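Since the structure comes first, as structure tokens, the remarks are kept for the end.
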Ligand SMILES: C[S@@+](CC[C@H](N)C(=O)[O-])C[C@H]1O[C@@H](n2cnc3c(N)ncnc32)[C@H](O)[C@@H]1O
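Numbering (our numbering), first residue to last: 8 to 324.
See the structure below:
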């Protein structure tokens, strides 16, 4: 049996993703300041973006002069990154941009390399897409260990997730969200699924609006309608403008413990809320962990514990 893990395979979320993210320069501004600060503070040059999706963070980092390798297991999302690479191939930095299809559970064999990077990044609430496949979080452990293996001694892993503590405790996401600011989101419905009394999934149903159908100028900035999205993005059939994504609700304390374990307790984990020290922010929308691998971490021994997971695929076969 092959399990379908790619939630983007029907192409719906991939088609609407840039619209969902909203004003990319605004989102990129927050990420840019944070990423540049952390990458420069740890003298990073080479970056592996393991959840590149449409390529938004990778592109920003390439433009900032970092040497970026990107991967993701959704070919529908990667298509957008590959397009960007093709369109900008005359710029040497984009010509050198390597983009691979890879699943976190089989990352080292999918990438077929023992290469290590100054930084590995997994951002945009991506990691929470990975379900708990065995009920004991072994899939989470394996993916995080694979990320840890690919970080050089002295390098960093940057990984984030939504504030699931808040969602589980309140049944809804914190109201402010500095990550996504789309004028086209008309609703996001949150459901929590419990199994044996414990929360096992958070389901977010996203409903995008058709801006061409809206006459509500209060939605518009400066009374100007928002720029029209690409013609293919929004459909006149409202059903096509809705997508659902399912997440594993990582509590911040237990996620930190998983990170410590993945690095054999040879790393320091610093957790920020919405890019700020935790004491400075109340009810952040996102937690971001900066995991600094110690200089004296042993090198990987070449074992591939991931082989046991090769029956878990990103696409149906
Ligand atoms: C929410 S998107 C974020 C993409 C990008 N970082 C951003 O912020 O726009 C999550 C990405 O994680 C990828 N993903 C989820 N599970 C994965 C897995 N097991 N292996 C590789 N990629 C995975 C999805 O295909 C998707 O492109």
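In this text, a Cβ means the ideal position worked out from N, Cα and C, and glycines have one as well. This one's a predicted model, so the numbers in the text were calculated from it and none came from an experiment.
Answer yes or no: do residue i and residue j have a C-beta to C-beta separation smaller than 9 Å?
i	j	result
residue 106	residue 142	no
residue 180	residue 195	yes
residue 120	residue 153	no
residue 54	residue 126	yes
residue 112	residue 149	yes
residue 163	residue 197	no
residue 268	residue 137	no
residue 253	residue 14	yes
residue 301	residue 264	no
residue 161	residue 299	yes
residue 12	residue 64	no
residue 104	residue 146	no
residue 56	residue 128	yes
residue 159	residue 123	yes
residue 70	residue 100	yes
residue 270	residue 304	yes
residue 177	residue 215	no
Just to check, is the beta-carbon of residue i closer than 8 Å to a non-hydrogen atom of ligand 2?
i	result
residue 79	This structure lacks ligand 2; its bound ligands are ligand 1.
Which same chain residues end up closer than 6 Å to residue i when comparing Cβ atoms and leaving out the 5 residues on each side of it in sequence?
i	result
residue 279	295
residue 4	Residue 4 cannot be examined here, being either before or after the span of the chain that is shown, 8 to 324.
residue 172	258 and 259
residue 207	200
residue 132	168 and 169
residue 6	This structure leaves residue 6 out entirely; the chain is present only between 8 and 324.
residue 59	65, 77, 79 and 88
residue 140	146
By Cβ distance below 7 Å, which residues in the same chain neighbour residue i in space, the five residues on each side in sequence not counted?
i	result
residue 82	108
residue 73	46, 52 and 54
residue 91	62 and 66
residue 94	none
residue 250	19, 20, 23 and 213
residue 68	42, 54 and 75
residue 135	168, 169, 254, 255 and 257
residue 89	106
residue 86	none
residue 281	185, 288, 291, 292 and 293
residue 307	121 and 156
residue 183	292
residue 210	198, 200, 251 and 253
For residue i, which residues from the same chain have a beta carbon less than 8 Å from its beta carbon, with the 5 sequence-adjacent residues on both sides left out?
i	result
residue 238	In this predicted model, residue 238 has a pLDDT of only 43, less than 50, meaning its place in the structure is not dependable; the value taken from the coordinates is given anyway. Here the set comprises nothing.
residue 39	67 and 71
So does the region 290-297 actually touch the region 257-268, counting three or more Cβ pairs closer than 8 Å?
Yes, the region 290-297 touches the region 257-268.
Inside the region 19-104 only - beta strand (DSSP E) runs reaching at least 3 residues:
With a minimum length of 3 residues, the continuous beta strand (DSSP E) runs that stay inside the region 19-104 are 53-56 and 74-79.
Note down, one range per segment and in chain order, each alpha helix (DSSP H) of at least 4 residues found wholly within the region 105-142.
Counting only runs of 4 or more, we get 114-118.
In chain order, each alpha helix (DSSP H) run of at least 4 residues that lies wholly inside the region 240-304:
Taking only runs of at least 4 residues, the alpha helix (DSSP H) segments lying wholly in the region 240-304 are 259-269.
Could you tell me which uninterrupted alpha helix (DSSP H) segments, each at least 4 residues in length, are contained entirely in the region 142-183, listed from first to last along the chain?
For the region 142-183, whole alpha helix (DSSP H) runs of length 4 or above, ordered along the chain, are 145-156 and 171-177.
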